[in-house]
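Asker: I am attaching a structure below and will ask some questions about it afterwards.
Residue numbers (this note's numbering): 14 to 662.
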């Protein structure tokens, strides 16, 4: 009995499974509860080789924010479990579960685009902090997560401090903990939090190379649940030989794919891959098809699948003896009765019709450069927007577009925690431009400094986050006036006036002309090519900073539309079409509350300045009046100078 079989079972269907495991009836209720825990926290429950369900109590308490030092409990005699361990793992888990201290979150209007209406978000800051900010308002809301973390190469590249090491002198010569331990802690923390954000039908894709593949696989097995493993994709990242390797040239990377729930995941067909039409040499009113024998000896034998099928002419067919092994039908008797017209009786055999479909089941080898790109393609993507490529080893847009296309549907959110140069944002926008979708992106990137050698006259950016934001802006402006063509399974975009690119500086001229346009062309009018930049690193306008800081504390989404307007003689910010109103005037009067009370919709929250009241009595009286005129509104007072806030009623 495998752990996967336990985790994939619904709680109401666990009784026969638990009996098969060998539990006595007295333990069935406890085991059923443990299985319910496994659905919520797969890293806390495991089925051992001795067929024992084990709960790691300290780990479960860490998820709940409770400090506990109890030993793991089990339904059997032993509590040992198979898992990856390293120095600092427990501390990393505790750190991930520590509640977030109040933070200052600023909306940067100057660097944003279409800021009032866009659903796209870019967080400038530490992704662990952002993940904690998102826990309440985005739980179960992300359908696709893409991770391209630092590969722990020790190269000291510009993107991250890509050298996770501890002091070697404190460790033995054969101890690799100083090499892998800190990196494992870093990724483990983030996976524990990101799992809570993934929708039940969602999936996570994680890029990695040889250095940490084995560790990442075990960590994701633990956090996501081994039963939810989908596949390891192998991407050919470069073409031709190389002298930078030891004995073997490494020209591939891995992409680990896990579902949130393998029974619900919305992974679809690879629509860019079409079977050879010549292999489908029959045709009827439903389209082209080929034939597949109904009896197979390669599937698991079941006596219930051995029965007589009577053909149209009265001939009786039974599963054949194939190479000395008794075969059985692939369909049940009920299925045959229901879809009898899909059977073909020919040459003494029974066949089913296999129709030509649009797309095929995805394959694990991503080697077609035209479809999936190479690292050099990623550089070319940047060079189309900038005069240089200020980023080492960027992922190609077509690779990320392919991963996005594997998820069914065209209206969902994509989260990228290690945004780098912003490839994922461009891929989301291009996918929407191709099929008219309304996908959204949330990107997170620290303001890592760019090296001097990566700078150019065309690049007015000093940090990687600034580069990603500028890339999103330029890619969006380019798409707003582009035609599209599909070739080689990928989407290629170019300007309606391609001669603009012929001259030096032509791209900047095009961008300037596009910015001057007031609206997108009609066929692009539904595209969201904007981005709302939210920074943990720098302050912006006071009102917007206080607004989004308060949103973080109120557990409200960060992508609702907002507008400035006048109400009762005061300037207010309307966030979420009246759900949240913010007035940060230094002096308030009763006319504001009277105007709000006369509105058709009462706000859920009203945010005011704490120092807008001269005395404590004045503040008390104002809040009393608010309770009368706006009985369903919660007032939030924010400090003008400090970054703290407190609930008033």
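We treat Cβ as the ideally placed atom computed from N, Cα and C, and that holds for glycine.
On a predicted model such as this, the values are computed, not experimentally measured, just so you know.
(1) To the nearest angstrom, how far is it from the Cα of residue 277 to the Cα of residue 619?
(2) Go ahead and label residue 102 buried or exposed: buried means 16 or more other beta carbons lie within 10 angstroms of its beta carbon, across all protein chains shown.
(3) Would residue 314 be called buried (16 or more neighbouring beta carbons within 10 Å of its own) or exposed?
(4) Report, in whole angstroms, the separation of the C-beta atoms of residue 6 and residue 489, which I expect to be a contact under 8 Å.
(5) Assuming residue 591 contacts residue 419 (C-beta within less than 8 Å), just tell me the rounded distance between them.
(6) Does the separation of the CB atoms of residue 205 and residue 129 fall below 8 Å?
(7) Residues in the same chain with beta-carbon distance under 8 Å from residue 539, minus the five sequence neighbours each way, listed in chain order, please.
(8) Would you identify the three-state DSSP class for residue 452, choosing helix, strand or coil?
(9) In chain order, what residues of the same chain have a beta carbon less than 6 Å from the beta carbon of residue 474, not counting five sequence neighbours either side?
(10) Give me the residue from 444, 476, 454, 438 with the minimum Cα distance to residue 487.
(11) Give the range of the beta strand (DSSP E) segment to which residue 214 is assigned.
(12) Let me know the secondary structure DSSP gives residue 178 once reduced to three states.
(13) Touch check for the segment 391 to 402 and the segment 296 to 311: three-plus C-beta pairs under 8 Å?
(14) Determine contact between the segment 637 to 644 and the segment 603 to 613, defined as no fewer than three beta-carbon pairs at a distance below 8 Å.
(15) Roughly how many angstroms lie between the CA atoms of residue 521 and residue 135, to the nearest whole one?
(16) Please find out if some non-hydrogen atom of the ligand GDP comes closer than 7 Å to the beta-carbon of residue 311.
(17) Can you give the Cα-Cα distance for residue 436 and residue 335, rounded to whole angstroms?
(18) By the 10 Å Cβ neighbour count, where 16 or more other Cβ atoms means buried, how is residue 149 classified, buried or exposed?
(19) According to the neighbour-count rule (16 or more other Cβ atoms, all chains shown, within 10 Å of its Cβ), is residue 415 buried or exposed?
(20) For the 8 Å Cβ check, are there 3 or more pairs between the segment 285 to 295 and the segment 318 to 332?
(21) Less than 8 Å separating the beta-carbons of residue 549 and residue 131?
(22) Quick check: residue 221 and residue 164, are their CB atoms within less than 8 Å of each other?
(23) Secondary structure at residue 441, three-state DSSP: helix, strand or coil?
(24) In whole angstroms, what separates the C-alpha of residue 598 from that of residue 577?
(25) Taking the continuous alpha helix (DSSP H) assigned at residue 122, which residues delimit it?
(26) Applying the 10 Å Cβ sphere with the 16-neighbour rule, what's the burial state of residue 614?
(27) Do the segment 241 to 252 and the segment 369 to 384 meet, that is, are 3 or more Cβ pairs less than 8 Å apart?
(28) With a CB to CB cut of under 7 Å and the five nearest residues on each side skipped, what residues in its chain are close to residue 155?
(29) Quick check: residue 432 and residue 456, are their CB atoms within less than 8 Å of each other?
(30) To the nearest angstrom, how far is it from the Cα of residue 617 to the Cα of residue 647?
(31) Taking the straight line between their C-alpha atoms, what separation do you get for residue 650 and residue 636?
(32) What are the start and end residues of the alpha helix (DSSP H) that includes residue 485?
(33) Buried or exposed for residue 445, please, with buried defined as at least 16 other CB atoms from any protein chain shown within 10 angstroms of its CB.
(34) Taking residue 250 as part of the beta strand (DSSP E), name the residues at either end of that continuous run.
(35) Count the other C-beta atoms from every protein chain shown that fall within 10 angstroms of the C-beta of residue 161, then say buried if there are 16 or more, exposed otherwise.
(36) With distances taken from CA atoms, which of 595, 207, 570, 573 is nearest residue 557?
Answerer: So, to answer that:
(1) If you number the chain shown from 1, residue 277 lands on position 264. If you number the chain shown from 1, residue 619 lands on position 606. Spanning the two alpha carbons is a distance of roughly 39 Å.
(2) Position 89 of the chain shown, counting from 1, holds the residue named residue 102. It counts as buried.
(3) For the purposes of this step, residue 314 is taken as the residue at position 301 of the chain shown. The residue in question, residue 314, is exposed, as its Cβ has fewer than 16 Cβ neighbours within 10 Å.
(4) Residue 6 lies beyond the residue range present for the chain, which begins at 14 and ends at 662; the question has no answer from this structure.
(5) In the chain shown, residue 591 corresponds to position 578, counting from 1. In the chain shown, residue 419 corresponds to position 406, counting from 1. Between residue 419 and residue 591 the Cβ distance is about 38 Å, and since that is not below 8 Å, they are no contact.
(6) Along the chain shown, read from residue 1 onward, the residue named residue 205 stands at position 192. Along the chain shown, read from residue 1 onward, the residue named residue 129 stands at position 116. For residue 205 and residue 129, no; Cβs fall outside 8 Å.
(7) Position 526 of the chain shown, counted from the first residue, corresponds to residue 539. If we look at residue 539 and ignore the five residues flanking it on each side, its Cβ neighbours are 449, 451.
(8) Sequence index remark: in the chain shown, residue 452 carries index 439 (1-based). Reduced to three states, the DSSP call for residue 452 is coil.
(9) Residue numbering aside, residue 474 sits at position 461 when the chain shown is read from its first letter. Counting only Cβ-Cβ distances below 6 Å, and skipping sequence neighbours, we find 480, 483.
(10) Translated into the one-based positions of the chain shown, residue 487 becomes position 474. Minimum Cα distance to residue 487 is reached at 438.
(11) Position 201 of the chain shown holds residue 214. Residues 211 to 221.
(12) Taking the first residue of the chain shown as position 1, residue 178 is located at position 165. Note that residue 178 scores 47 on pLDDT, short of 50, meaning its location in the model is unreliable and no value can be drawn from it.
(13) no
(14) yes
(15) Counting from one through the chain shown, the residue named residue 521 turns up at place 508. Counting from one through the chain shown, the residue named residue 135 turns up at place 122. Any reading at residue 521 must be qualified, since the residue scores a pLDDT of 49, below 50, and its modelled position is unreliable; the value itself is stated next. So the two alpha carbons sit approximately 23 Å from each other.
(16) Ligands in the displayed structure: none, and consequently the ligand GDP is not present.
(17) If you number the chain shown from 1, residue 436 lands on position 423. If you number the chain shown from 1, residue 335 lands on position 322. For residue 436 and residue 335, the distance between alpha carbons rounds to 52 Å.
(18) Indexing the chain shown from 1 puts residue 149 at position 136. Classification for residue 149: exposed.
(19) Residue mapping note: residue 415 aligns to position 402 of the chain shown, counting from 1. Its Cβ being crowded by 16 or more others within 10 Å, residue 415 is buried.
(20) no
(21) Here the question's residue 549 lines up with position 536 in the chain shown. Here the question's residue 131 lines up with position 118 in the chain shown. Not closer than 8 Å, so no.
(22) By 1-based counting over the chain shown, the position of residue 221 is 208. By 1-based counting over the chain shown, the position of residue 164 is 151. Yes; because the gap between Cβ atoms is below 8 Å, this pair is in contact.
(23) Locating residue 441 in the chain shown gives position 428, counting from the first residue. Three-state result, residue 441: helix.
(24) Here residue 598 refers to the residue found at position 585 when the chain shown is read from its first residue. Here residue 577 refers to the residue found at position 564 when the chain shown is read from its first residue. Near 13 Å, if we compare the C-alpha coordinates of residue 577 and residue 598.
(25) Here residue 122 corresponds to residue number 109 of the chain shown, with the count starting at 1. Premise fails: residue 122 is in no alpha helix (DSSP H) and is neither H nor E.
(26) Residue mapping note: residue 614 aligns to position 601 of the chain shown, counting from 1. Residue 614 is exposed by the Cβ-count criterion.
(27) yes
(28) As a first step, residue 155 is located in the chain shown; it is residue number 142 there, counting from the start. Cβ within range, chain order: 210, 211, 212, 215, 426, 428.
(29) The residue given as residue 432 occupies position 419 in the chain shown. The residue given as residue 456 occupies position 443 in the chain shown. It is a contact, given that the beta carbons lie within the stated cut-off.
(30) For the purposes of this step, residue 617 is taken as residue 604 along the chain shown, with counting starting at 1. For the purposes of this step, residue 647 is taken as residue 634 along the chain shown, with counting starting at 1. Approximately 6 Å between the Cα atoms of the pair.
(31) Taking the chain shown and counting its residues from 1, the one referred to as residue 650 is at position 637. Taking the chain shown and counting its residues from 1, the one referred to as residue 636 is at position 623. Each residue's alpha carbon lies about 10 Å from the other.
(32) Walking along the chain shown from the start, residue 485 turns up at place 472. First-last of the alpha helix (DSSP H) with residue 485: 477 to 492.
(33) Position 432 of the chain shown, counted from the first residue, corresponds to residue 445. Residue 445 is buried by the Cβ-count criterion.
(34) Stepping through the chain shown from its first residue, residue 250 is reached at position 237. Premise fails: residue 250 is in no beta strand (DSSP E) and is neither H nor E.
(35) Residue numbering aside, residue 161 sits at position 148 when the chain shown is read from its first letter. Residue 161 comes out buried.
(36) Within the chain shown, numbered from 1, the residue matching residue 557 stands at position 544. When only C-alpha atoms are compared, the closest one is 595.
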